[in-house]
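>
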Amino acid sequence: DIGDIIRGKDLYLGDKKKKQNETEREKLEQKLKEIFKKIHSEVTTNGELQKRYGQDGQNFYQLREDWWYANRETVWKAMTCEAPESASYFRKTCDGGENPTATQGNCKCINGDVPTYFDYVPQYLR
């Protein structure tokens, strides 16, 4: 799941391809560290967030967690609104209980929820 990848909690480690020293997952993790290193540098410059992120280490896990919390809705919206209508990842109705309503495209339900089957399901159960 994209949230697990961003936060550094993805369980899949990837496979090495022939003539490669690292997996695609390791390459992605290195890129994420570079990106969050830049963000860390910017947000701790004036000292305001130094206390929160000062001891975050080389992986920037606290910053990554906070970034995902602040941006996950935007990321999900970008992913879901561009998915084809045939994507089986999405439910066609919302509020599957007593009063189901049709989704508005794949973007959201009337209440704003993303109509996926996997909301907050732990990764090892998917």
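Just so you know, we're using the UniProt record's numbering here: the sequence shown kicks off at 1 and counts up by one.
Here a beta-carbon is modelled for each residue, glycine too, at the ideal position from N, C-alpha and C.
So what's F60 in DSSP terms, helix, strand or just coil?
Three-state result, F60: coil.
> When we look at the beta-carbon of R52 and count the other beta-carbons within 10 Å, is it buried (16 or more) or exposed?
With fewer than 16 Cβ atoms within 10 Å of its Cβ, R52 is classed as exposed.
> For R64, tell me which candidate among T45, S86, K77 and I39 has the shortest Cα-Cα distance.
Of the candidates T45, S86, K77 and I39, the one whose C-alpha sits nearest the C-alpha of R64 is I39.
> CB-CB under 7 Å to D56, same chain, minus the five flanking residues each way: which ones, in chain order?
Closer than 7 Å at Cβ, skipping near neighbours: H40, Q62 and L63.
> Which word fits I2, buried or exposed, when buried means at least 16 other C-beta atoms lie within 10 angstroms of its C-beta?
Under this definition I2 is an exposed residue.
> When the Cα atoms are used, what is the spatial distance from G14 to S86?
G14 and S86: Cα-Cα distance of roughly 28 Å.
> What residue from K77, M79 and I6 has the CA that sits closest to Q30's CA?
Among K77, M79 and I6, the Cα nearest to that of Q30 belongs to I6.
> Can you say whether T80 is buried or exposed, counting buried as having 16 or more other CB atoms within 10 angstroms of its CB?
It counts as buried.
> Using the C-alpha atoms, what's the distance from T74 back to E48?
The alpha-carbon atoms of E48 and T74 are separated by roughly 25 Å.
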